[in-house]
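For the sequence shown, my numbering begins at 31 and goes up steadily by one.
All C-beta atoms in this analysis are idealised placements derived from N, C-alpha and C, irrespective of residue type, glycine included.
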Amino acid sequence: MTDDIPLDDLVASLPETWDEAPRRTPGMLGITVINWRTLEDADAAQVWTELRDWVTWFTHRYNLPIRKIPPCWYKHGALVEELSALHTAWLVSYDSLDAGYGPIGWHERLAVAIPRLAGWYNGECHNGHTELPQNGADAAPTGWVDWISQSHARP
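This is the structure:
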(Lines of atoms letter the chains of each structure in order from A and count residues from 1; the text may use other names and numbers.)
(Lines give C-alpha, C1' and ligand atoms only; values in the text may rest on other atoms or scores of the structure.)
Protein backbone atom coordinates (compact mmCIF):
# COMPACT_ATOMS: atom_id res chain seq x y z
CA MET A 1 0.00 0.00 0.00
CA THR A 2 1.44 3.38 -0.98
CA ASP A 3 -0.82 5.63 1.11
CA ASP A 4 1.74 5.80 3.93
CA ILE A 5 4.76 6.55 1.72
CA PRO A 6 5.64 10.24 1.31
CA LEU A 7 5.26 11.53 -2.24
CA ASP A 8 8.94 12.53 -2.39
CA ASP A 9 9.96 8.94 -1.63
CA LEU A 10 7.65 7.60 -4.35
CA VAL A 11 9.04 10.04 -6.90
CA ALA A 12 12.61 9.16 -5.89
CA SER A 13 11.86 5.47 -6.49
CA LEU A 14 10.93 6.08 -10.15
CA PRO A 15 13.56 5.13 -12.74
CA GLU A 16 15.70 8.00 -13.99
CA THR A 17 15.52 6.89 -17.61
CA TRP A 18 13.08 4.92 -19.75
CA ASP A 19 15.60 2.07 -20.09
CA GLU A 20 15.53 1.54 -16.32
CA ALA A 21 11.76 0.93 -16.29
CA PRO A 22 10.67 -2.48 -15.01
CA ARG A 23 10.76 -5.14 -17.66
CA ARG A 24 8.46 -7.93 -16.48
CA THR A 25 7.37 -7.39 -12.93
CA PRO A 26 4.04 -8.89 -11.87
CA GLY A 27 1.59 -6.35 -10.51
CA MET A 28 -0.65 -6.53 -7.49
CA LEU A 29 -2.89 -9.22 -9.01
CA GLY A 30 0.06 -11.21 -10.33
CA ILE A 31 -0.54 -9.94 -13.87
CA THR A 32 2.57 -8.98 -15.80
CA VAL A 33 2.27 -5.86 -17.94
CA ILE A 34 4.52 -6.10 -20.97
CA ASN A 35 6.77 -3.15 -21.68
CA TRP A 36 7.53 -3.89 -25.33
CA ARG A 37 10.22 -1.24 -25.46
CA THR A 38 12.31 -2.93 -22.79
CA LEU A 39 11.37 -6.57 -23.38
CA GLU A 40 14.48 -8.73 -23.28
CA ASP A 41 15.16 -11.13 -26.15
CA ALA A 42 15.36 -13.98 -23.62
CA ASP A 43 11.71 -13.34 -22.65
CA ALA A 44 10.44 -12.60 -26.15
CA ALA A 45 9.38 -16.10 -27.24
CA GLN A 46 7.20 -16.69 -24.18
CA VAL A 47 5.62 -13.23 -24.30
CA TRP A 48 4.90 -13.37 -28.03
CA THR A 49 3.47 -16.89 -27.74
CA GLU A 50 1.16 -15.93 -24.87
CA LEU A 51 -0.06 -12.89 -26.79
CA ARG A 52 -0.54 -14.87 -30.01
CA ASP A 53 -2.58 -17.53 -28.20
CA TRP A 54 -4.79 -14.83 -26.72
CA VAL A 55 -5.16 -12.91 -30.00
CA THR A 56 -6.15 -16.15 -31.76
CA TRP A 57 -8.80 -16.79 -29.11
CA PHE A 58 -9.90 -13.14 -29.10
CA THR A 59 -10.32 -12.85 -32.87
CA HIS A 60 -12.33 -16.10 -32.95
CA ARG A 61 -14.45 -15.32 -29.93
CA TYR A 62 -15.37 -11.83 -31.13
CA ASN A 63 -15.45 -12.79 -34.83
CA LEU A 64 -13.13 -9.95 -35.78
CA PRO A 65 -12.48 -9.70 -39.52
CA ILE A 66 -9.02 -9.66 -41.03
CA ARG A 67 -9.55 -6.05 -42.08
CA LYS A 68 -9.47 -5.16 -38.35
CA ILE A 69 -6.75 -7.57 -37.16
CA PRO A 70 -4.68 -8.99 -40.01
CA PRO A 71 -2.75 -12.27 -39.79
CA CYS A 72 0.45 -10.21 -39.68
CA TRP A 73 -0.74 -8.15 -36.67
CA TYR A 74 2.48 -8.94 -34.84
CA LYS A 75 4.46 -6.97 -37.42
CA HIS A 76 2.44 -3.82 -36.78
CA GLY A 77 3.78 -2.11 -33.66
CA ALA A 78 0.64 -0.13 -32.86
CA LEU A 79 -1.51 -3.25 -33.15
CA VAL A 80 0.87 -5.12 -30.86
CA GLU A 81 0.64 -2.36 -28.26
CA GLU A 82 -3.17 -2.18 -28.48
CA LEU A 83 -3.68 -5.95 -28.43
CA SER A 84 -1.19 -6.34 -25.60
CA ALA A 85 -3.02 -3.68 -23.58
CA LEU A 86 -6.35 -5.40 -24.25
CA HIS A 87 -4.84 -8.73 -23.22
CA THR A 88 -3.55 -7.29 -19.95
CA ALA A 89 -6.89 -5.61 -19.23
CA TRP A 90 -8.68 -8.89 -20.00
CA LEU A 91 -6.42 -10.81 -17.60
CA VAL A 92 -7.03 -8.32 -14.80
CA SER A 93 -10.77 -8.22 -15.51
CA TYR A 94 -11.13 -11.96 -15.16
CA ASP A 95 -8.81 -12.30 -12.16
CA SER A 96 -10.29 -14.11 -9.17
CA LEU A 97 -9.70 -11.00 -7.03
CA ASP A 98 -12.04 -8.95 -9.20
CA ALA A 99 -15.30 -7.99 -7.49
CA GLY A 100 -17.35 -8.94 -10.55
CA TYR A 101 -17.27 -5.69 -12.49
CA GLY A 102 -14.15 -6.58 -14.45
CA PRO A 103 -15.80 -8.34 -17.37
CA ILE A 104 -18.21 -5.49 -18.11
CA GLY A 105 -15.37 -3.00 -17.65
CA TRP A 106 -13.26 -4.97 -20.12
CA HIS A 107 -16.05 -4.89 -22.67
CA GLU A 108 -16.38 -1.15 -22.21
CA ARG A 109 -12.64 -0.83 -22.88
CA LEU A 110 -12.98 -3.13 -25.89
CA ALA A 111 -15.71 -0.90 -27.35
CA VAL A 112 -13.33 2.04 -27.14
CA ALA A 113 -10.41 0.02 -28.54
CA ILE A 114 -12.16 -1.38 -31.63
CA PRO A 115 -12.12 1.95 -33.53
CA ARG A 116 -8.47 2.43 -32.55
CA LEU A 117 -7.63 -1.02 -33.93
CA ALA A 118 -9.14 0.05 -37.24
CA GLY A 119 -6.99 3.18 -37.15
CA TRP A 120 -3.78 1.26 -36.48
CA TYR A 121 -4.31 -0.96 -39.50
CA ASN A 122 -5.73 0.50 -42.70
CA GLY A 123 -6.27 -2.79 -44.51
CA GLU A 124 -3.00 -3.14 -46.34
CA CYS A 125 0.56 -4.02 -45.44
CA HIS A 126 3.27 -1.60 -46.43
CA ASN A 127 6.10 -3.99 -45.56
CA GLY A 128 5.25 -6.71 -48.06
CA HIS A 129 4.05 -9.24 -45.49
CA THR A 130 0.62 -10.11 -46.85
CA GLU A 131 0.94 -13.85 -47.67
CA LEU A 132 0.17 -15.32 -44.25
CA PRO A 133 -2.57 -17.71 -43.07
CA GLN A 134 -5.98 -16.38 -42.08
CA ASN A 135 -6.68 -15.34 -38.49
CA GLY A 136 -7.49 -18.28 -36.31
CA ALA A 137 -5.25 -20.78 -38.06
CA ASP A 138 -3.92 -23.16 -35.44
CA ALA A 139 -0.54 -23.41 -37.15
CA ALA A 140 1.91 -20.60 -36.48
CA PRO A 141 2.29 -18.17 -39.40
CA THR A 142 5.31 -18.49 -41.62
CA GLY A 143 8.28 -16.86 -39.94
CA TRP A 144 6.67 -16.88 -36.48
CA VAL A 145 9.44 -18.81 -34.72
CA ASP A 146 12.11 -16.51 -36.14
CA TRP A 147 10.04 -13.44 -35.29
CA ILE A 148 9.51 -14.26 -31.60
CA SER A 149 13.19 -14.79 -30.90
CA GLN A 150 13.56 -11.01 -30.53
CA SER A 151 11.58 -8.28 -28.81
CA HIS A 152 11.44 -5.95 -31.88
CA ALA A 153 10.93 -2.97 -29.63
CA ARG A 154 14.25 -1.22 -29.70
CA PRO A 155 14.76 1.69 -32.12
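Pick from the options that is closest to residue i, judged by C-alpha positions
i: A141; options: L94, R82, W66; result: L94
i: S179; options: T118, W120, T79, D38; result: T79
i: I134; options: K98, T86, L121; result: L121
i: A148; options: W174, I99, D176; result: I99
i: A183; options: W66, P36, T62; result: W66
i: Y104; options: D125, T86, H90; result: T86
i: W174; options: F88, P101, A115; result: P101
i: A115; options: P36, D73, D38, I144; result: I144
i: V110; options: A72, D125, D71, R146; result: R146
i: L113; options: A75, T89, Y131; result: T89
i: Y92; options: H137, A129, Y131, D71; result: H137
Cut-off 7 Å between Cβ atoms - residues of its own chain near residue i, not counting five sequence neighbours on either side
i: H117; result: L81, W84
i: E77; result: Just to set this straight, residue 77 is Val in the shown sequence, not Glu. Hits under 7 Å: I64, L69.
i: C74; result: Correcting the residue type first, residue 74 is Ala in the shown sequence and not Cys. So the qualifying residues of the chain are I178, S179, Q180, S181.
For residue i: DSSP bridge partner residues
i: T89; result: Per DSSP, none; premise fails for T89.
i: A68; result: Per the sequence shown, residue 68 should be read as Thr rather than Ala. Bridge partners of T68: none, in fact.
Proximity test, Cβ basis, 7 Å: residue i and chain D
i: H106; result: Of the protein chains in this structure there is only one, and it is not chain D.
Residues near residue i by beta carbon distance below 6 Å, same chain, minus five either side
i: E108; result: First, the residue type needs correcting, since residue 108 is Ala and not Glu in the sequence shown. W150, listed in sequence order.
Chain-order list of residues whose beta-carbon lies under 8 Å from that of residue i (same chain, five-residue window excluded)
i: W177; result: W78, Y104, K105
i: I5; result: No answer is possible for residue 5: it lies beyond the span of the chain, which begins at 31 and ends at 185.
i: A170; result: R82
i: D71; result: S179, Q180, S181
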